[in-house]
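Participant: Numbering-wise, our numbering comes out as the position in the sequence shown, counting from 1, plus 2.
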Amino acid sequence: MSTAESKPAARPAASETPGDKVVQGARRMLSAKAERFTESVIREMTRLALQHNAVNLAQGFPDFAAPAEVKEAARAAIAADDNQYAITWGAKPLRDAIVEKFARTQGVTVDPEREITICCGSTEAMMSAMMGVINPGDEVVVFEPFYENYGPDAILSGAAPRFVRLHPPTWSFDPDELARAFGPRTKAIIVNTPNNPTGKVFTRGELECIRDLCVRWDAFAITDEIYEHILYDGTQHISMAALDGMRDRAITINSMSKTYSVTGWRVGWAIAPPGPTEAIRKVHDFLTVGAAAPLQAAGALALRLPERYYTELASTYQFKRDRTLQILTRAGFECFKPAGAYYIMTDISRFGFSNDKDFTRYLVEEIGVAAVPGSSFYGDPEDGARQVRFAFCKTPETLAAAEERLARLRPQ
Ligand SMILES: Cc1ncc(COP(=O)(O)O)c(C=O)c1O
């Protein structure tokens, strides 16, 4: 056999379309799924903020201290050598604390042995839940604008997203449009309340409308409730799992990240009926084995903090919300007032930029403030081209620095 013959068969030249750059001939060298989404725009904005020394109102992480007693509990757990793998689906003390808290706040009692999986943040809990229940051909209903992770979550789990629009200024949805999005292929709906990026808190009536469709089409409601304690003006958070008829259909995703200002700890969980939990636990086990053991121990203490902690958290954030609304309104933004979570969606029409991306680039490079382009929250980027999101989980000093810089903006 000649040398030439022993070589692998020549491959046709790679196609010149950008999306095919990694395809060598017939063989796709990288995952087609991974090619269908980009890196997180939110997290990219944080890198740009660092690069341009900008005030970071882009990514939703607090720039202030976590509660002292929660940090002390983590230090104590490490000192006591709680440093090896926890049980894969979560340390018992944290699962017990989750049971107590869910019963206390939502009146829902779950079994810590068969209905809870502790994961590496709610990010992994959502991914494990989706991978645990989705099959090829399944559809997932997603309210739009949506937290950007849900797009890649759908792609990686193999679900086809069906978007349903939330309309400003109150971010309400049209029940008929929602009903049209459900059908025999619907496996689940993703509900995020309180909502990122809009600050919407779903009402009981809206949740009941969703519930009725889940029951009719035999679908799960996967509810991301990580902002459950960040609520304004007396608004109430209602868990989907607490509604009649949803106990066996709700998969509740939550986390320590936002409630205890520890986004870097990566401790979250999924509460689901025993069937889905079995699937979620298997996916979780092989994705990550488990969340950090000493931080789970600290979580058991955090979830038992007195009621006062949660009321103070909400009132501190309400002050930050009002302050940021004032800063942004004075700078020329049209603001959509949030009822929960710690973001403000704005309309940027008055600034005369052709789209949200050009505007946020100008904002970070020339004004020195990082924000998130609205298009990253929509299936079709054009739909978010007039919107920009600001996070206000920041110290008074950070907000004052943003105010000073944003005063240089000139609406037309
Ligand atoms: C709606 C929503 N879900 C999930 C996450 C990620 O949370 P975790 O840190 O628990 O993974 C975020 C973070 O900003 C979020 O806004």
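For every residue, glycine included, the Cβ atom is placed at its ideal position computed from N, Cα and C.
If you measure between the beta carbons of leucine 307 and glutamate 102, is that distance less than 9 Å?
Facilitator: Locating residue 307 in the sequence shown gives position 305, counting from the first residue. Locating residue 102 in the sequence shown gives position 100, counting from the first residue. Taking 9 Å as the Cβ cut-off, leucine 307 and glutamate 102 do not qualify as a contacting pair.
Participant: For the alpha helix (DSSP H) containing phenylalanine 104, name the first residue and the last one.
Facilitator: In the sequence shown, counting from the first residue as 1, residue 104 sits at position 102. Note, phenylalanine 104: alpha helix (DSSP H), 94-108.
Participant: So which residues put a beta carbon under 6 Å from any heavy atom of ligand 1, going in chain order?
Facilitator: Qualifying residues, in the order they occur: Gly62, Gly123, Ser124, Thr125, Tyr149, Asn194, Asn198, Asp226, Ile228, Ser257, Ser259, Thr265, Gly270.
Participant: Going by the beta-carbon positions, is the gap between methionine 232 and alanine 316 smaller than 9 Å?
Facilitator: Here residue 232 corresponds to residue number 230 of the sequence shown, with the count starting at 1. Here residue 316 corresponds to residue number 314 of the sequence shown, with the count starting at 1. Checking the displayed sequence, the identity of residue 232 turns out to be isoleucine instead of methionine. In contact: isoleucine 232 and alanine 316 (Cβ atoms closer than 9 Å).
Participant: Between the Cα of proline 2 and the Cα atoms of Cys337, Ile346, Trp219, Thr400, which residue gives the shortest distance?
Facilitator: Here the chain covers residues 3 to 414 and nothing more, so residue 2 does not appear.
Participant: So, for tryptophan 91: in the same chain, excluding its five sequence neighbours on each side, which residues have a beta-carbon less than 6 Å away from its beta-carbon?
Facilitator: Within the sequence shown, numbered from 1, the residue matching residue 91 stands at position 89. Cβ neighbours of tryptophan 91 beyond the five flanking positions: Thr119, Arg283.
Participant: So, for phenylalanine 66: in the same chain, excluding its five sequence neighbours on each side, which residues have a beta-carbon less than 6 Å away from its beta-carbon?
Facilitator: The residue given as residue 66 occupies position 64 in the sequence shown. Contacts found: Thr397.
Participant: Please identify the residue among Phe335, Lys339, Leu289 whose C-alpha is closest to the C-alpha of phenylalanine 353.
Facilitator: Locating residue 353 in the sequence shown gives position 351, counting from the first residue. It is Phe335 whose Cα lies nearest to the Cα of phenylalanine 353.
Participant: If you draw a straight line from the alpha carbon of leucine 168 to that of glutamate 210, how long is it in whole angstroms?
Facilitator: Along the sequence shown, read from residue 1 onward, the residue named residue 168 stands at position 166. Along the sequence shown, read from residue 1 onward, the residue named residue 210 stands at position 208. Spanning the two alpha carbons is a distance of roughly 17 Å.
Participant: How many angstroms separate the CA atom of alanine 341 from the CA atom of glutamate 280?
Facilitator: The residue labelled residue 341 in the question sits at position 339 within the sequence shown. The residue labelled residue 280 in the question sits at position 278 within the sequence shown. Computed Cα separation, rounded: 35 Å.
Participant: Taking DSSP's pairing of strands, which residues face serine 378 in a bridge?
Facilitator: Within the sequence shown, the letter at position 376 stands for residue 378. Looking at the DSSP assignment, serine 378 forms no beta bridge with any residue, so it has no partner.
Participant: Cutting at 6 Å between CB atoms, please list the residues of its own chain near aspartate 84, excluding the five before and the five after it.
Facilitator: Translated into the one-based positions of the sequence shown, residue 84 becomes position 82. The residues are Ala295, Pro296, Ala299.
Participant: Report yes if the CB atom of phenylalanine 392 is closer than 9 Å to the CB atom of valine 366, and no otherwise.
Facilitator: Residue numbering aside, residue 392 sits at position 390 when the sequence shown is read from its first letter. Residue numbering aside, residue 366 sits at position 364 when the sequence shown is read from its first letter. No.
Participant: Alanine 190 bridges to which residues according to DSSP?
Facilitator: For the purposes of this step, residue 190 is identified with residue 188 of the sequence shown, where counting begins at 1. Beta-bridge pairing links alanine 190 to Val142, Phe222.
Participant: Compute the beta-carbon to beta-carbon distance between glycine 109 and cysteine 395, rounded to the nearest angstrom, for a pair I have assumed lies under 8 Å.
Facilitator: Within the sequence shown, the letter at position 107 stands for residue 109. Within the sequence shown, the letter at position 393 stands for residue 395. Their Cβ separation, rounded to whole angstroms, is 29 Å, which puts glycine 109 and cysteine 395 out of contact at 8 Å.
Participant: On the DSSP bridge list, what partners appear for serine 174?
Facilitator: The residue you call residue 174 lines up with position 172 of the sequence shown. According to DSSP, serine 174 bridges with His169.
Participant: Output the distance between the C-alpha atoms of arginine 106 and isoleucine 100, rounded to the nearest integer angstrom.
Facilitator: To locate residue 106, count along the sequence shown from 1; it is residue 104. To locate residue 100, count along the sequence shown from 1; it is residue 98. Cα-Cα distance, rounded: 10 Å.
Participant: Over the uninterrupted beta strand (DSSP E) stretch that includes phenylalanine 338, give me the two end residues.
Facilitator: The sequence position of residue 338 within the sequence shown is 336, counting from 1. Here the beta strand (DSSP E) through phenylalanine 338 covers 336-338.
Participant: Kindly provide the ranges of any beta strand (DSSP E) runs that are 3 or more residues long and lie completely inside the segment 355-412, ordered along the chain.
Facilitator: Listed in chain order, the complete beta strand (DSSP E) runs (minimum 3 residues) inside the segment 355-412 are 389-393.
Participant: Which complete beta strand (DSSP E) runs does the segment 279-354 hold, if anything under 3 residues is left out?
Facilitator: Entirely contained in the segment 279-354, the beta strand (DSSP E) runs reaching 3 residues are, in chain order, 336-338, 345-349.
Participant: From the DSSP output, which residues share a beta bridge with cysteine 121?
Facilitator: As a working note, residue 121 is residue 119 in the sequence shown. Bridge partners of cysteine 121: Gly270.
Participant: Would a C-beta distance cut-off of 9 Å place alanine 274 and methionine 248 closer than the cut-off?
Facilitator: The residue given as residue 274 occupies position 272 in the sequence shown. The residue given as residue 248 occupies position 246 in the sequence shown. Cβ distance not < 9 Å, so alanine 274 and methionine 248 don't count as in contact.
Participant: Looking only at C-alpha atoms, which of Asp349, Val264, Asp220 sits nearest to phenylalanine 184?
Facilitator: Translated into the one-based positions of the sequence shown, residue 184 becomes position 182. It is Asp220 whose Cα lies nearest to the Cα of phenylalanine 184.
Participant: Name, in chain order, the residues that DSSP records as bridge partners for threonine 254.
Facilitator: As a working note, residue 254 is residue 252 in the sequence shown. Paired residues: Thr225, Ile273.
Participant: Please classify isoleucine 89 as buried or exposed, where buried requires at least 16 neighbouring CB atoms within 10 angstroms.
Facilitator: Mapped onto the sequence shown, residue 89 falls at position 87. Result: exposed.
Participant: For valine 264, which residues of its own chain have a beta-carbon under 6 Å away from its beta-carbon, when the five flanking residues on both sides are left out?
Facilitator: Within the sequence shown, residue 264 is the residue found at index 262, counting from 1. Taken in chain order, the residues that qualify are Ala68, Met258.
Participant: If we ignore side chains and look at the alpha-carbon of each, how far apart do glutamate 115 and proline 276 end up?
Facilitator: Translated into positions along the sequence shown, residue 115 becomes position 113. Translated into positions along the sequence shown, residue 276 becomes position 274. Cα-Cα distance, rounded: 9 Å.
Participant: Name the residue from Arg412, Ala343, Arg310, Glu126 whose alpha carbon lies nearest to the alpha carbon of lysine 322.
Facilitator: On the sequence shown, residue 322 is found 320 positions in, with the first residue counted as 1. Minimum Cα distance to lysine 322 is reached at Ala343.
Participant: Comparing C-alpha positions only, which one of Asp176, Asn256, Ala161 sits nearest to methionine 133?
Facilitator: By 1-based counting over the sequence shown, the position of residue 133 is 131. It is Ala161 whose Cα lies nearest to the Cα of methionine 133.
Participant: Identify which residue in Ile253, Leu327, Arg407 has its Cα closest to the Cα of phenylalanine 104.
Facilitator: In the sequence shown, residue 104 corresponds to position 102, counting from 1. Here the closest residue by C-alpha is Ile253.
Participant: Exposed or buried, which one is lysine 189 when buried takes at least 16 other CB atoms within 10 Å?
Facilitator: Translated into the one-based positions of the sequence shown, residue 189 becomes position 187. Under this definition lysine 189 is a buried residue.
Participant: Could you check whether the segment 35-47 touches the segment 149-156, counting it as contact only if at least three pairs of C-beta atoms, one from each stretch, sit closer than 8 Å?
Facilitator: They touch, by the three-pair rule.
Participant: Give a yes or no on whether the C-beta atoms belonging to alanine 409 and threonine 48 are separated by under 9 Å.
Facilitator: Here residue 409 is taken as the residue at index 407 of the sequence shown, counted from 1. Here residue 48 is taken as the residue at index 46 of the sequence shown, counted from 1. No, the Cβ-Cβ distance between alanine 409 and threonine 48 is not below 9 Å.
Participant: Taking 9 Å as the cut-off, decide whether the C-beta atoms of cysteine 121 and tryptophan 271 are in contact.
Facilitator: Here residue 121 corresponds to residue number 119 of the sequence shown, with the count starting at 1. Here residue 271 corresponds to residue number 269 of the sequence shown, with the count starting at 1. Yes, they are a contact pair.
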